[in-house]
Amino acid sequence: MNGRATLQPWQEIRRMQREVERLFSGLAPAWRWPLTGEYPPINLTRDENGLTLSALCPGANRETLDVTVLENAVTVRCERKPEENVPEAAYHRRERPVGTFARSLNLGERFDPERTEAVYQNGILRVQLGRGSEPAPKKIAIQS
Amino acid sequence: MTTLTRTGTTMPATRRDERYAPAHTLAPPVDVYETDEMYVLLADMPGVQPDGLDVIAERDSLTIRGRVERPAAEPDYQEFELSDYYRAFTLSEDLESDKVTAVLRDGVLRVEIPKSPRVKPKKIAVRTE
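Chains as they are written, first to last, in the working numbering: chain G, 1383 to 1526; chain B, 11 to 139.
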């Protein structure tokens, strides 16, 4: 089954959600990504070489940024720490999410962990996943 | 009866009179906290490079604006859309808007707005009698 086909309904729901958020953008300060209930938000782009995963996680602690590829699944972990030595009472406004976040996605096909590269730049984590070589088809003899 | 008031309970850096740009820009989420010396504003602006960032401090306002480069290809699965950022704040007169500093690191903008010396806490020596 084509992995892309299985993801399409969600994409349509997200698109509608973004449209609604845009309609209300003049009324309230926006931090709309967590409205999906998932952090960090992720985009996937496929091409002939493989798949690119982009995750928005500005200000992530680099030591705790983590990408794991296991068979069809990829897991992204990031941690956003609050400012050190700032008492709660000193804050006038707190809109930025803090804590440890993890997302696991089923990509619908296998990727080769050896051909995976990750770059963190300008607060965006980009993971390039390369396809592994397909195992040769094996003919099964039918026993009578 | 004595009324106790803590200095800085009103927030000079933000609150009223925030202005938001029209659609297709995102107001970045911010944290604002206060120390004895300054106000610190942190804004999440992923995708913005230093040359795409404008921080404009005027006598009574602070405006942050960030431009992003959108990817050429439409994603096959999408949870976020990179948009330009815009947000404006009103500054009170007891801040030194000409000494504002800004640093952008890993998609987080950090703006420091020093307090005017006359509103900084001053330690009063207590005489014993």
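Note that beta-carbon positions come from the ideal geometry of N, C-alpha and C, so glycine has one too. Here the structure is a predicted model, which means the values were calculated and not measured.
Any Cβ of chain B within less than 8 Å of the Cβ of residue i?
i	result
Ala1523(G)	no
Thr1498(G)	no
Glu1420(G)	yes
Trp1415(G)	For Trp1415(G), the predicted model reports a pLDDT of 48, less than 50, meaning its position is unreliable and no value from the coordinates is stated.
To the nearest angstrom, how far is it from the Cα of residue i to the Cα of residue j?
i	j	result
Arg1397(G)	Pro81(B)	17 Å
Val110(B)	Pro39(B)	20 Å
Ser1436(G)	Glu1465(G)	25 Å
Arg1400(G)	Leu36(B)	12 Å
Glu1477(G)	Asp41(B)	6 Å
Arg75(B)	Glu139(B)	57 Å
Arg1513(G)	Cys1460(G)	25 Å
Gly1505(G)	Ser107(B)	27 Å
Glu79(B)	Asp1494(G)	29 Å
Ile134(B)	Arg1475(G)	30 Å
Glu47(B)	Pro85(B)	45 Å
Val121(B)	Asp1448(G)	28 Å
Thr73(B)	Tyr96(B)	7 Å
Val1456(G)	Ala1484(G)	10 Å
Glu68(B)	Leu119(B)	18 Å
Leu51(B)	Glu44(B)	9 Å
Is any non-hydrogen atom of the ligand MN found closer than 7 Å to the C-beta of residue i, if you look at the structure I gave you?
i	result
Leu1487(G)	Among the components modelled here there is no ligand, and therefore nothing to report on the ligand MN.
Note down, in chain order, every chain B residue with its Cβ under 8 Å from the Cβ of residue i.
i	result
Leu1423(G)	The identity of residue 1423(G) in the sequence shown is Pro, whereas the question assumes Leu. By Cβ distance, chain B contributes Glu89, Phe90.
Arg1396(G)	Gln88, Glu89
Ala1472(G)	Tyr43, Glu44, Thr45
If you follow the beta strand (DSSP E) that residue i is part of, which residue opens it and which one closes it?
i	result
Ile1522(G)	Note, Ile1522(G): premise wrong, no beta strand (DSSP E); not H, not E.
Pro131(B)	Looking at the DSSP string, Pro131(B) is not in any beta strand (DSSP E), and its letter there is neither H nor E.
Thr1427(G)	1424–1428
Ala98(B)	94–100
Asn1488(G)	1481–1488
Met48(B)	48–54
Pro124(B)	118–124
Cys1460(G)	1455–1462
Applying a beta-carbon distance threshold of less than 8 Å, which residues of chain G neighbour residue i?
i	result
Pro56(B)	Leu1438, Cys1439, Pro1440, Asn1504, Gly1505, Ile1506
Cβ closer than 7 Å: which chain B residues qualify as neighbours of residue i?
i	result
Glu1477(G)	Pro39, Val40, Asp41
Leu1426(G)	Pro85, Asp86, Tyr87
Arg1400(G)	Glu91
Does any residue of chain G have a CB that is nearer than 8 Å to the CB of residue i?
i	result
Thr24(B)	Because the pLDDT at Thr24(B) is just 42, under 50, the model does not fix this residue reliably, and the value given afterwards should be weighed accordingly. By this cut-off, Thr24(B) is an interface position.
Comparing the C-beta of residue i with each C-beta of chain A, is any distance below 8 Å?
i	result
Thr35(B)	Annotation note: the requested chain A is absent from the structure, which comprises protein chains G and B.
Interface positions of the segment 106–128 of chain B facing chain G (Cβ-Cβ less than 8 Å), listed along the chain: Those residues of the segment 106–128 of chain B that come within reach of chain G (Cβ to Cβ, closer than 8 Å) are Arg115, Asp116, Gly117, Val118.
Could you run through the segment 40–53 of chain B and flag, in chain order, every residue whose CB is less than 9 Å away from some CB of chain G? Answer in chain order: Val40, Asp41, Val42, Tyr43, Glu44, Thr45, Tyr49, Val50, Leu51, Leu52, Ala53.
Which residues, in chain order, does the segment 1458–1469 of chain G contribute to contact with chain B at a C-beta distance below 8 Å? Taking 8 Å as the Cβ-Cβ cut-off against chain B, the residues of the segment 1458–1469 of chain G that qualify are Glu1465, Val1468.
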